[in-house]
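So for the sequence shown, the working numbering puts the first residue at 145; every next one is plus one. A quick write-up on the structure given underneath.
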Amino acid sequence: MADIYIGYGSNMQEITRQLMEEANVYSQIEPSMKIGIKPNLVVAKEASGGATTHPEIVEGIIQYLQGKGHKNITILEGSWVGDRTKRAFEVCGYNQLAKQYGVKIVDTQQDTSRKVKAGKMELAICQSALEMDYLINVPVLKAHCQTDMTCCLKNMKGCIPDSEKRRYHTMGLHGPIAALATVLKPSLHIIDGICGDLTFEEGGNPVAAGRILLGFDGVLMDSYCAGLLGYHPDEIGYLQKAHQAGAGAYADSSTQVLELNPEERPVGLPQASNIARRLAKHIEEDSACSACYAALIFALNRVGDRGLAPGEKIKIGQGFRGKTAEGLGVGNCTRGCTQFVKGCPPSAVDIAEALQRR
Numbered sequence: 145m146a147d148i149y150i151g152y153g154s155n156m157q158e159i160t161r162q163l164m165e166e167a168n169v170y171s172q173i174e175p176s177m178k179i180g181i182k183p184n185l186v187v188a189k190e191a192s193g194g195a196t197t198h199p200e201i202v203e204g205i206i207q208y209l210q211g212k213g214h215k216n217i218t219i220l221e222g223s224w225v226g227d228r229t230k231r232a233f234e235v236c237g238y239n240q241l242a243k244q245y246g247v248k249i250v251d252t253q254q255d256t257s258r259k260v261k262a263g264k265m266e267l268a269i270c271q272s273a274l275e276m277d278y279l280i281n282v283p284v285l286k287a288h289c290q291t292d293m294t295c296c297l298k299n300m301k302g303c304i305p306d307s308e309k310r311r312y313h314t315m316g317l318h319g320p321i322a323a324l325a326t327v328l329k330p331s332l333h334i335i336d337g338i339c340g341d342l343t344f345e346e347g348g349n350p351v352a353a354g355r356i357l358l359g360f361d362g363v364l365m366d367s368y369c370a371g372l373l374g375y376h377p378d379e380i381g382y383l384q385k386a387h388q389a390g391a392g393a394y395a396d397s398s399t400q401v402l403e404l405n406p407e408e409r410p411v412g413l414p415q416a417s418n419i420a421r422r423l424a425k426h427i428e429e430d431s432a433c434s435a436c437y438a439a440l441i442f443a444l445n446r447v448g449d450r451g452l453a454p455g456e457k458i459k460i461g462q463g464f465r466g467k468t469a470e471g472l473g474v475g476n477c478t479r480g481c482t483q484f485v486k487g488c489p490p491s492a493v494d495i496a497e498a499l500q501r502r
């Protein structure tokens, strides 16, 4: 059994079902369990903008569960303070999804809460989340303006009341998010890595990577995903604190990663945001996979072009396979370059380090 499962492709429902089947999720769920699905609907914006969870992924989860005979399924979420979850459910396609499959929807902004002791902190958590026997966390892997990244651990803020969200900010976000990770631990994490935002949790600068990730340890998943955005785990304050508090393990060289269908990685570049287009001036691309290209964009956004000579461009893509070239290449396809960052795809943190070493 792997620690992390990754699926690629355009059929998000099918990829999600395949990941859950491969990870044998069904064996963990008793027939009588209450199952909760927690997406990221921070704002009322469609998922294509890079801020919210694609409803197709949640649909795939529901299809898998109902196909195994599970009927007691609830989608629960609370948008950020200042936005209404009710509107997000509608705009993001979740009302239609719930109606189609006969599942319940809970707006945690309207929920009651209960105080839970988390180390030296006392945290208020929404009752609906605490009542779930099997909670499935479906975050978006994206950047965040205050915490640098948001994924599994931070997505659980949607399971606390608005008054508590405000209090987290007065306490400094990292400490209470880490504390929450020790007392509200989803059983399963399915990460929307389709097109998370490059710079901001509200979307607007999506970077297409075309992947979905699955795992059971939120800290491990976040530490792995930090590398996909160009960070070491300890650079993310709440992640370091959660790890130190024993909420989960860090991904390392012993972590087993299983890619189900690497041949299905999308090839070709989608329409890019303004920031991505600006960064692309440093790239020479030929038939690059989206996951590899996304890693390079995130790395450039982190460290810029400080390791490049004037006018030099980074090579990337399958078109460089078997060719020699001067300069830096990204991915195994560019091993003929003077210097290349290995990986298929490489992580953004490895690319960033290569740029900084030059």
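Where is the CB? At the ideal position from N, CA and C, for every residue including glycine.
Nearest neighbour of residue i, chosen from the options [CA to CA]
{"i": "Val247", "options": "Lys261, Gln172 and Leu209", "result": "Leu209"}
{"i": "Arg465", "options": "Leu274, Cys339, Gly340 and Ala432", "result": "Ala432"}
{"i": "Asn476", "options": "Glu470, Thr468, Thr482 and Pro489", "result": "Pro489"}
{"i": "Gly194", "options": "Ile338, His387 and Gly455", "result": "Ile338"}
{"i": "Gly302", "options": "Asp147, Arg355 and Ala268", "result": "Ala268"}
{"i": "Ile481", "options": "Ala492, Gly392 and Lys467", "result": "The displayed chain sequence assigns Cys, not Ile, to residue 481. The shortest C-alpha separation from Cys481 is found at Lys467."}
{"i": "His376", "options": "Leu332, Ala443, Arg311 and Glu200", "result": "Ala443"}
{"i": "Ala370", "options": "Leu332, Val284, Arg502 and Gln240", "result": "Val284"}
{"i": "Lys385", "options": "Ile321, Arg502, Gln500 and Ala232", "result": "Ile321"}
{"i": "Glu221", "options": "Ala188, Lys243 and Tyr170", "result": "Ala188"}
{"i": "Gly237", "options": "Thr478, Asp255, Leu373 and Glu200", "result": "Glu200"}
{"i": "Phe484", "options": "Cys436, Gly455 and Ser257", "result": "Cys436"}
{"i": "Met145", "options": "Ala424, Asp378, Thr399 and Ile181", "result": "Thr399"}
{"i": "Lys212", "options": "Ser272, Glu174 and Cys296", "result": "Glu174"}
{"i": "Val511", "options": "Tyr245, Thr196, Cys296 and Ala492", "result": "Examination of residue 511 is not possible in this model, given that the chain is present from 145 through 502 alone."}
{"i": "Gly348", "options": "Thr256, Val169 and Lys286", "result": "Lys286"}
C-alpha distance - residue i paired with residue j, whole-angstrom precision
{"i": "Ala167", "j": "Gly451", "result": "40 Å"}
{"i": "Ser434", "j": "Lys459", "result": "14 Å"}
{"i": "Leu402", "j": "Glu190", "result": "29 Å"}
{"i": "Lys178", "j": "Lys486", "result": "44 Å"}
{"i": "Cys304", "j": "Tyr149", "result": "The residue asked about is misnamed: residue 304 is Ile in this sequence, not Cys. So the alpha carbons of these two residues sit roughly 28 Å apart."}
{"i": "His426", "j": "Glu408", "result": "26 Å"}
{"i": "Gln388", "j": "Met276", "result": "26 Å"}
{"i": "Ala323", "j": "Lys259", "result": "13 Å"}
{"i": "Arg355", "j": "Arg446", "result": "21 Å"}
{"i": "Gln172", "j": "Asn281", "result": "15 Å"}
{"i": "Tyr368", "j": "Ala395", "result": "6 Å"}
{"i": "Gln162", "j": "Gly359", "result": "13 Å"}
{"i": "Val202", "j": "Ala453", "result": "45 Å"}
{"i": "Gly392", "j": "Leu383", "result": "9 Å"}
{"i": "Glu497", "j": "Leu373", "result": "12 Å"}
{"i": "Ala439", "j": "Glu429", "result": "13 Å"}
Status (buried if at least 16 other CB within 10 Å, exposed otherwise) for residue i
{"i": "Met164", "result": "buried"}
{"i": "Glu308", "result": "buried"}
{"i": "Gly461", "result": "buried"}
{"i": "His318", "result": "buried"}
{"i": "Val225", "result": "exposed"}
{"i": "Thr314", "result": "exposed"}
{"i": "Cys289", "result": "exposed"}
{"i": "Asn405", "result": "exposed"}
{"i": "Lys243", "result": "exposed"}
Per DSSP, the bridge partner or partners of residue i
{"i": "Cys433", "result": "Val411"}
{"i": "Met276", "result": "None, per the DSSP bridge assignment."}
{"i": "Arg355", "result": "Tyr152 and Gly337"}
{"i": "Val284", "result": "Asp336"}
{"i": "Cys303", "result": "Its beta-bridge partners do not exist; DSSP assigns none."}
{"i": "Phe484", "result": "Gly473"}
{"i": "Glu428", "result": "Lys459"}
{"i": "Lys189", "result": "Beta-bridge pairing links Lys189 to no other residue."}
{"i": "Leu220", "result": "Val250"}
{"i": "Met320", "result": "Met is not the amino acid found at residue 320; the sequence shown has Pro there. Pro320 is not bridged to any residue."}
Reduced DSSP secondary structure (H/G/I, E/B, other) of residue i
{"i": "Asp336", "result": "strand"}
{"i": "Phe494", "result": "In the sequence under discussion, the amino acid at residue 494 is Asp, which differs from the Phe named in the question. Here Asp494 sits in helix by DSSP."}
{"i": "Glu456", "result": "coil"}
{"i": "Ser257", "result": "strand"}
{"i": "His313", "result": "helix"}
{"i": "Val250", "result": "strand"}
{"i": "Leu267", "result": "strand"}
{"i": "His406", "result": "Here the sequence assigns Pro to residue 406, which means His is not the residue at that position. Helix."}
{"i": "Lys385", "result": "helix"}
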